[in-house]
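Comments concern the structure below.
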Amino acid sequence: MKLLGGWLVTAAMVAGCGTPVAAGTQPNPSVQASPTYTSVSAAIACPPVVPVHWAADDGASSGAYVCRTEVRDVPGDGSWQFQVVTGVTGGLDTLLHVYATPDAALGSGACTMELPDPLVVWLRGAETVAVRAPRDDCGKPTGEARAAYQGLTTVVLSTTRLTQVTSQLATDSGCSDSYKDMLSIEESSGGPPQTAAQPQPVTSGTRVCFYRVAPDEQGDRVGHLTSTELLTQEQTDAINAALRVAVVDRTCGRHTHTHFALLSTAGGGTLVALDGCAVQQDQGWWRAGDPLRTALS
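For the sequence shown, numbering that gives the first Met the number 0 gives the first residue as 0, with consecutive numbering after it.
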């Protein structure tokens with residue numbers, strides 16, 4: 000790779016922002032057409048450092064890296080976030096020339112509120128320096144910088160699976176992998192308002208999502224998907240029979256259960272504490288007997 004002003008040039012793209020042009024398009028004439036790359040990790044190619052504005056235009060370079068994260072489906076295992084490291088095959092000269100443009104003074108006009116990708120370029124040498132795109136009068140990357148960044152052509156060097164985004168169970172069923180324990184949340188806030196003497200019935204074929212409750216990092220109670228099913232007609236009849244005899248009872252607590260079920264319907268959902276007493280809908284909450292939980296077991 001060519002050293003640029005004493006720095007080895009690398010580039011990194013912030014997760015989810017921008018998509019480089021596919022490799023194989025005509026490279027910038029001043030950049031080597033077929034630079035040599037080997038597999039490299041994101042930690043080496045694109046280490047985390049605070050970006051600064053590039054204040055010099057040093058001309059051409061023959062090598063760079065682009066790092067991004069993307070979500071991909073994995074057959075039989077839901078969807079995962081991947082770290083992708085690519086080598087730049089063209090367009091780097093143009094990008095560096097544009098990045099040497101000074102920032103514009105912040106203006107007083109109307110600006111949009113989104114937080115844009117700073118389009119970081121990484122220069123590596125004795126120490127790592129991250130260089131961001133020049134900013135317009137709204138403090139966002141200029142149009143020329145975005146065009147130059149998106150004009151980079153790349154080849155994939157390494158792909159690393161990071162974290163699972165959606166499980167296969169959630170993908171197949173339509174249930175969420177996690178669901179806030181709304182029984183406990185509504186109890187703590189005094190809701191929902193009691194506007195019905197009895198809960199609404201459910202219909203055959205309703206999707207049931209079963210959750211195990213565990214605290215998250217903040218200590219909040221969150222349900223984690225364990226299984227799912229579609230209600231049979233027999234289950235539906237038993238559940239509705241139990242709902243018809245459910246009663247308003249303020250002594251029925253909603254914060255001690257360890258498992259709950261969510262019965263999803265077009266008009267809302269029915270939450271059942273599987274090892275508690277409560278059943279809850281948008282119209283209030285009630286004490287339900289064991290037949291309701293037996294029908295869901």
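The C-beta atom is built at its ideal place from N, Cα and C for all residues, glycine as well.
(message) Mapping the DSSP letters down to three states, classify L91 as helix, strand or coil.
(response) helix
(request) State the Cα-Cα distance for the pair G275 and T165, rounded to the nearest angstrom. (result) 29 Å
(message) In whole angstroms, give me the CA-to-CA distance for G4 and W53.
(response) Low confidence applies here, because G4 scores a pLDDT of 43, under 50, leaving its location unreliable; read the following figure in that light. Cα to Cα, the separation comes out at about 12 Å.
(message) So, with DSSP's three-state summary, where would you put P50?
(response) strand
(message) Please report the distance separating the alpha-carbon of A169 from that of F259.
(response) 16 Å
(request) Report the residue from V51, L262, V246 and V247 whose alpha carbon sits nearest the alpha carbon of S226. (result) L262
(message) Could you check whether A195 and G283 sit closer than 8 Å to each other, using their CB atoms as the reference points?
(response) yes
(request) Pull up the distance between the alpha-carbon of G288 and that of E69, whole angstroms please. (result) 47 Å
(message) Rounded to the nearest angstrom, what separates G218 and K179 at their Cα positions?
(response) 12 Å
(request) Determine the extent of the alpha helix (DSSP H) in which A146 is found, giving its start and end residues. (result) G142 to Q149
(request) Mind checking which residues open and close the alpha helix (DSSP H) that includes A237? (result) Q232 to R243
(message) For E69, report the span of its beta strand (DSSP E) as first-last.
(response) Y64 to D72
(message) Can you check which of these residues, E113, V73 and A132, is closest to T100 by C-alpha distance?
(response) A132
(message) Taking its Cβ as the centre, do 16 or more other Cβ atoms sit within 10 Å of A109, making it buried, or is it exposed?
(response) exposed
(message) Less than 8 Å between the C-beta atoms of V39 and S157, yes or no?
(response) yes
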